[in-house]
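S.K.: In the numbering used here, the protein residues as written are 36 to 360. One structure, pasted below without further comment.
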RNA sequence: GGACGGGUGGGUGAGUGGCUAAAACCAGCAGACUGUAAAUCUGCCGCUCCUUGCGGGCUACGAAGGUUCGAAUCCUUCCCCGUCCA
């Protein structure tokens, strides 16, 4: 192994909007390059919510291990920070075992948290939050923003009055860290150590992506999604649990409640998924150093291109470690 | 055939003489986002012109006429839609 620098291992990231074929491409690359898939998706982390979160069923994994799915119960809170910690553990393990990690990333924040790190900010505090939410109830949503403006004017300027979620997080940081958000953000952010990363981005034509989203939604229903949701409801999982906020689960739960027809649910799911895909595209556009490929990760030509990119990268990587070692 | 109610921008739907290119919401488009992120939030959203301004022009509230300085808003006729009576 290389003597001078701490050992580096390659890491492949496959990113793109939902339904762009990340999973398929990830598996294809893992098969070709002795890799394993590491999922970077905030919803697949949750147990029992399978079809709607597009988890790859074991039967379609081609024997490639998939990591970082099914980590928590539906009522458990999971955050970007925890994702980072879990992912680092998995990555280090793969490195030790000499297998190539192929990260399939749909959740931009988690990817960024892993690759660039998070500031040394306090974790969420549920009781502080419930207290803040309570005062917001009594004194209006703007009250919290005014409070933030008093204790951290710079942060308040950057956050919209109506963005209660971000206002609360800013207040939380300010109070718990006893520093402004700006100060906190300037400290402790540490990029991922020990890996050389290359990113492949899937960028199918927008119209085609939307069409595929629509088709896939119907396929998921055909695959028993509704029955899955019924079972989850039957299991007694609270309708307020976070995963019932995931696209599709809320609509299907509404249908089960008799609030909307199945057709209505399906078209709402398709719409929400399209909007989500757009947000992902917006996020990933700013991701640095991505090898963008036009098309879906299921297309042979795209897979070939991606394999070429990865092959080049691994070759360069090999040469670099050889010459340094 | 008669009696009501209604026809508003891609959709729902406010607006009953000027402050209205027309509320609000949705959809759409663009964007932000360092610990709930499949979340949360922001901007734009008739067409067009330029010396990009609380700028100019044009078109627009079923259709056509009319009243008025001025009409989505009032009047007339016509065409549709809904409900009820025959």
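No residue lacks a Cβ here, since even glycine has one placed at the ideal position from N, Cα and C.
1) Find out if the Cβ-Cβ distance for the pair residue 219, residue 138 is shorter than 8 Å.
2) Would residue 308 pass as a contact of residue 53 if the rule is Cβ separation under 8 Å?
3) Taking only three categories from DSSP, how would you classify residue 234?
4) Look at residue 48 and residue 156 and say whether their C-beta atoms are less than 8 Å apart.
5) Comparing alpha-carbon positions, which option in 111, 59, 69 and 57 lies nearest residue 81?
6) Pull up the distance between the alpha-carbon of residue 57 and that of residue 297, whole angstroms please.
7) When you compare the CB positions of residue 45 and residue 135, do they come within less than 8 Å of one another, or not?
8) Residue 171 and residue 179 look like a contact to me (Cβ under 8 Å); what is the Cβ gap, rounded to whole Å?
9) From 59, 257, 243 and 329, pick the residue whose C-alpha is nearest to that of residue 86; which is it?
10) For the alpha helix (DSSP H) containing residue 173, list its first residue and its last residue.
11) Quick one: Cα of residue 176 to Cα of residue 83, how far?
12) Could you give the first and the last residue of the continuous alpha helix (DSSP H) run that contains residue 140?
13) Spatial neighbours of residue 97 within its chain, please: CB distance less than 7 Å, with the 5 preceding and 5 following residues excluded, ordered by chain position.
14) Here's the rule: buried if 16 or more other CB atoms are within 10 angstroms of the residue's CB, otherwise exposed. What is residue 347?
15) Using the beta-carbon count (16 or more within 10 Å), is residue 34 buried or exposed?
16) Excluding five sequence neighbours on each side, which residues of the same chain lie with their C-beta closer than 7 Å to the C-beta of residue 222?
17) Residue 119: buried (16+ other C-beta within 10 angstroms of its C-beta) or exposed?
18) Could you tell me if residue 59 is buried or exposed, where buried requires 16 or more neighbouring beta carbons within 10 angstroms of its beta carbon?
19) Check whether the Cβ atoms of residue 194 and residue 167 sit closer than 8 Å, and answer yes or no.
20) Helix, strand or coil for residue 227, going by three-state DSSP, please let me know.
21) Tell me, please, which residues DSSP counts as bridged to residue 81.
22) Out of 158, 266 and 342, point me to the one whose CA is closest to residue 205's CA.
23) Under 8 Å: do the region 266 to 276 and the region 325 to 340 share three or more Cβ pairs, one atom per stretch?
24) Please classify residue 47: does DSSP put it in a helix, a strand, or coil?
25) Report the three-state DSSP secondary structure of residue 143 (helix, strand or coil).
26) For residue 124, does the count of other Cβ atoms within 10 angstroms reach 16, so buried, or fall short, so exposed?
27) Here's a check: name, in chain order, each residue in its chain whose Cβ is nearer than 7 Å to the Cβ of residue 289, leaving out the five neighbours to either side.
28) Heavy atom of the ligand MN less than 7 Å from the Cβ of residue 219, yes or no?
29) Work out the CA separation of residue 208 and residue 215 for me, nearest whole Å.
30) Go through its chain and collect everything with a Cβ distance to residue 274's Cβ below 7 Å, but skip five positions before and after it.
31) Taking only runs that begin and end inside the region 274 to 313, name each unbroken alpha helix (DSSP H) of 4 or more residues, in chain order.
32) Take residue 224 as the anchor and find which of 313, 279, 150 and 92 has the nearest alpha-carbon.
M.R.: In terms of the structure at hand:
1) Stepping through the first chain from its first residue, residue 219 is reached at position 184. Stepping through the first chain from its first residue, residue 138 is reached at position 103. With respect to the 8 Å criterion, residue 219 and residue 138 are not classified as neighbours on the basis of their beta carbons.
2) Here residue 308 corresponds to residue number 273 of the first chain, with the count starting at 1. Here residue 53 corresponds to residue number 18 of the first chain, with the count starting at 1. Between residue 308 and residue 53, the C-beta spacing is below 8 Å.
3) Working through the first chain from its first residue, we reach residue 234 at position 199. Here residue 234 sits in strand by DSSP.
4) Locating residue 48 in the first chain gives position 13, where the first residue counts as 1. Locating residue 156 in the first chain gives position 121, where the first residue counts as 1. Taking 8 Å as the cut-off, the Cβ atoms of residue 48 and residue 156 do not count as close.
5) Here residue 81 refers to the residue found at position 46 when the first chain is read from its first residue. That would be 111, whose Cα lies nearest to the Cα of residue 81.
6) By one-based count along the first chain, residue 57 stands at place 22. By one-based count along the first chain, residue 297 stands at place 262. Cα to Cα, the separation comes out at about 28 Å.
7) Translated into positions along the first chain, residue 45 becomes position 10. Translated into positions along the first chain, residue 135 becomes position 100. Less than 8 Å divides the Cβ of residue 45 from the Cβ of residue 135.
8) Within the first chain, the letter at position 136 stands for residue 171. Within the first chain, the letter at position 144 stands for residue 179. With a Cβ gap of about 5 Å, residue 171 and residue 179 count as contacting.
9) As a first step, residue 86 must be located in the first chain, where it is residue number 51. Among 59, 257, 243 and 329, the Cα nearest to that of residue 86 is on 257.
10) The count along the first chain starts at 1 and reaches residue 173 at position 138. Where residue 173 is concerned, the enclosing alpha helix (DSSP H) stretches over 161 to 174.
11) By one-based count along the first chain, residue 176 stands at place 141. By one-based count along the first chain, residue 83 stands at place 48. Rounded to whole angstroms, the separation of the alpha carbons of residue 83 and residue 176 is 35 Å.
12) On the first chain, residue 140 is found 105 positions in, with the first residue counted as 1. For residue 140, there is no enclosing alpha helix (DSSP H); the residue is found in the beta strand (DSSP E) stretching over 135 to 140.
13) Mapped onto the first chain, residue 97 falls at position 62. Sequence-distant partners of residue 97 (beyond 5 residues in either direction) whose C-beta falls short of 7 Å from its own C-beta, in its chain, are 62 and 66.
14) To locate residue 347, count along the first chain from 1; it is residue 312. Note on residue 347: under 16 other CB atoms within 10 angstroms of its CB, so exposed under the neighbour-count rule.
15) This structure cannot speak to residue 34, because the chain is shown only from 36 to 360.
16) On the first chain, residue 222 is found 187 positions in, with the first residue counted as 1. Exclusion of the five residues before and after residue 222 leaves 154 and 155 as the residues of its chain whose Cβ lies within less than 7 Å of its Cβ.
17) Here residue 119 corresponds to residue number 84 of the first chain, with the count starting at 1. The residue in question, residue 119, is buried, as its Cβ has 16 or more Cβ neighbours within 10 Å.
18) For the purposes of this step, residue 59 is taken as residue 24 along the first chain, with counting starting at 1. With 16 or more other Cβ atoms within 10 Å, it is buried.
19) For the purposes of this step, residue 194 is identified with residue 159 of the first chain, where counting begins at 1. For the purposes of this step, residue 167 is identified with residue 132 of the first chain, where counting begins at 1. No, the pair does not count as a contact, with Cβ atoms beyond the cut-off.
20) The sequence position of residue 227 within the first chain is 192, counting from 1. Residue 227: coil per DSSP, three-state reduction.
21) Within the first chain, the letter at position 46 stands for residue 81. Looking at the DSSP assignment, residue 81 forms a beta bridge with 107.
22) Here the question's residue 205 lines up with position 170 in the first chain. Comparing Cα-Cα distances from residue 205 to each of 158, 266 and 342, the minimum goes to 158.
23) Touching, no, given that fewer than three Cβ pairs across the two stretches are closer than 8 Å.
24) Here residue 47 refers to the residue found at position 12 of the first chain. If DSSP states are grouped into helix, strand and coil, residue 47 belongs with the strands.
25) Numbered from 1 along the first chain, position 108 holds the residue referred to as residue 143. Correct three-state label for residue 143: helix.
26) What you label residue 124 is simply residue 89 of the first chain in a count that begins at 1. Exposed, by the Cβ-count rule.
27) If you number the first chain from 1, residue 289 lands on position 254. The residues are 295 and 300.
28) This structure lacks the ligand MN, and indeed carries no ligand of any kind.
29) On the first chain, residue 215 is found 180 positions in, with the first residue counted as 1. On the first chain, residue 208 is found 173 positions in, with the first residue counted as 1. Looking at the backbone, the Cα of residue 215 and that of residue 208 are separated by about 7 Å.
30) Residue mapping note: residue 274 aligns to position 239 of the first chain, counting from 1. So the list reads 288, once near-sequence residues are dropped.
31) Contiguous alpha helix (DSSP H) elements confined to the region 274 to 313 occur at 284 to 291, taking only those with 4 or more residues.
32) Working through the first chain from its first residue, we reach residue 224 at position 189. Answer by Cα proximity: 150.
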